[in-house]
Amino acid sequence: MERKKIIIISGFILILIILTVTYLYTSPGNNTGSRDGKIGVVVTVGPQEEFVKRVGGDLVNVTVMVPPGADPHTYEPLPNQMKQVQEAQIYFQVGSGVEFELSWMGKLTSMNPQLKLVNSSTGIQLIPNTAESEEGSDPHVWVSPRNAKVMVENIYQSLVRADPENKDYFTKNRDDYFKELDELDKNITQRLSGKNNTKIMVYHPAWAYFCKDYNLHQISIQQDGKEPTPQALASLVDTARRENIKVIFVSPEFSTSNAKVIANEIDGKVVVVDPLSKDYLKNMQKVAEAFVVT
Numbered sequence: 038m039e040r041k042k043i044i045i046i047s048g049f050i051l052i053l054i055i056l057t058v059t060y061l062y063t064s065p066g067n068n069t070g071s072r073d074g075k076i077g078v079v080v081t082v083g084p085q086e087e088f089v090k091r092v093g094g095d096l097v098n099v100t101v102m103v104p105p106g107a108d109p110h111t112y113e114p115l116p117n118q119m120k121q122v123q124e125a126q127i128y129f130q131v132g133s134g135v136e137f138e139l140s141w142m143g144k145l146t147s148m149n150p151q152l153k154l155v156n157s158s159t160g161i162q163l164i165p166n167t168a169e170s171e172e173g174s175d176p177h178v179w180v181s182p183r184n185a186k187v188m189v190e191n192i193y194q195s196l197v198r199a200d201p202e203n204k205d206y207f208t209k210n211r212d213d214y215f216k217e218l219d220e221l222d223k224n225i226t227q228r229l230s231g232k233n234n235t236k237i238m239v240y241h242p243a244w245a246y247f248c249k250d251y252n253l254h255q256i257s258i259q260q261d262g263k264e265p266t267p268q269a270l271a272s273l274v275d276t277a278r279r280e281n282i283k284v285i286f287v288s289p290e291f292s293t294s295n296a297k298v299i300a301n302e303i304d305g306k307v308v309v310v311d312p313l314s315k316d317y318l319k320n321m322q323k324v325a326e327a328f329v330v331t
């Protein structure tokens with residue numbers, strides 16, 4: 038009887054120990070990053086994933102909130118993504134007014150009060166929204182390789198603060214990636230410097246920072262986040278003809294229907310360019326190549 042009592046008490050103590058350890062590892066208030074010893078990082082869009090991985094290397098785990106093909110203006114995170122936020126140490130915000138961040142950041146931080154928020158756009162000169170009904174700034178800062186360097190530097194500084202013992206590792210990774218970004222910028226500049234027609238027509242105005250860097254001008258089909266009226270479509274067709282535009286650019290997360298209407302009217306074509314690709318360096322080369330042929 039006494040032995041049975043001891044076994045019951047021992048079992049109860051063991052259960053308490055297991056529950057305590059589980060709480061310590063899962064409670065946001067006691068979070069120190071990933072359970073494998075890496076820094077748990079959350080980012081909003083795909084390009085940021087490359088930025089963080091190229092600096093953090095094997096010392097970071099990265100979760101992207103808005104997946105490829107999703108619209109940052111309307112996307113709602115899945116339960117498994119919310120769990121990753123609970124376990125993360127740092128959230129690298131784009132910080133330029135991305136709709137997802139404006140809508141969800143308060144909810145995400147309430148789930149993990151210890152989550153450190155870092156504005157990746159600190160130091161970037163934001164471009165005001167051109168639409169009269171839209172306040173704030175154009176959020177698509179990352180489409181400029183020059184802005185990407187600023188974002189990478191902000192990421193680097195935060196990772197060093199989180200793990201100062203590995204500063205040399207982070208520094209080498211940052212410097213190596215900077216060289217590739219500089220080469221990308223140089224290549225794009227050379228490709229677009231001889232372009233005669235500097236006007237590009239896009240469905241969604243995601244390319245203002247790219248255009249600013251490389252002396253282009255985007256004409257947007259979408260206005261104030263809305264589909265164009267029939268009158269606006271007719272005006273866009275006239276503009277495309279007048280500017281000798283033969284290519285209409287669309288992003289994967291948006292409908293191509295109105296772009297196809299314009300393309301058919303001008304005997305042009307629709308080309309997909311992705312501002313949210315995770316493969317940043319290769320994707321920006323593809324974007325430049327696409328813009329060259331317009």
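Each residue of the sequence shown is one higher than the last, beginning at 38 in my numbering.
Where a beta carbon is used, it is the ideal one built from N, C-alpha and C, also for glycine.
Since we're looking at a predicted model, the values are computed, not measured.
TODO: Output the distance between the C-alpha atoms of residue 230 and residue 251, rounded to the nearest integer angstrom.
DONE: 8 angstroms
TODO: Taking residue 188 and residue 147 to be in contact with their CB atoms under 8 angstroms, please state how far apart those CB atoms are, rounded to whole angstroms.
DONE: Actually they are not in contact, since the Cβ atoms of residue 188 and residue 147 sit about 26 angstroms apart, beyond 8 angstroms.
Task: Proximity winner among 175, 137, 130, relative to residue 111 (alpha-carbon distances) - done: 137
TODO: Taking residue 154 as part of the beta strand (DSSP E), name the residues at either end of that continuous run.
DONE: That run of the beta strand (DSSP E) goes 153-156.
- [ ] Just the C-alpha distance for residue 185 and residue 191, rounded to the nearest angstrom, thanks.
- [x] 10 angstroms
Task: Residue environment, residue 151, which counts as buried when at least 16 other CB atoms sit within 10 Å - done: exposed
- [ ] Can you tell me which of the three DSSP states residue 102 falls into?
- [x] coil
Task: Minimum C-alpha distance to residue 284 - residue among 234, 300, 321 - done: 300
Open item on the list: Rounded to the nearest angstrom, what separates residue 181 and residue 84 at their Cα positions?
Closed with: 11 angstroms
Task: Neighbour-count burial assignment, residue 220, 16 or more Cβ in a 10 Å radius - done: exposed
Open item on the list: Is the beta carbon of residue 249 closer than 8 angstroms to that of residue 87?
Closed with: Cβ atoms of residue 87 and residue 249: not closer than 8 angstroms.
Open item on the list: Applying the 10 Å Cβ sphere with the 16-neighbour rule, what's the burial state of residue 329?
Closed with: exposed
- [ ] Within its chain, find whatever has a CB closer than 8 angstroms to the CB of residue 108; leave out the 5 residues flanking it on each side and keep chain order.
- [x] 290, 291
Task: Touching by the beta-carbon criterion (3+ pairs, under 8 angstroms), the segment 271-288 and the segment 306-314 - done: Yes: at least three Cβ pairs fall under 8 angstroms.
TODO: Could you tell me which uninterrupted beta strand (DSSP E) segments, each at least 3 residues in length, are contained entirely in the segment 256-325, listed from first to last along the chain?
DONE: 284-287, 306-309
Task: Nearest neighbour of residue 226, chosen from 76, 126, 325 [CA to CA] - done: Among 76, 126, 325, the Cα nearest to that of residue 226 belongs to 325.
Task: Status (buried if at least 16 other CB within 10 Å, exposed otherwise) for residue 167 - done: exposed
Task: Beta carbon of residue 97 nearer than 8 angstroms to that of residue 120 - done: no
TODO: Express the C-alpha separation of residue 118 and residue 327 in angstroms, rounding to a whole number.
DONE: 33 angstroms
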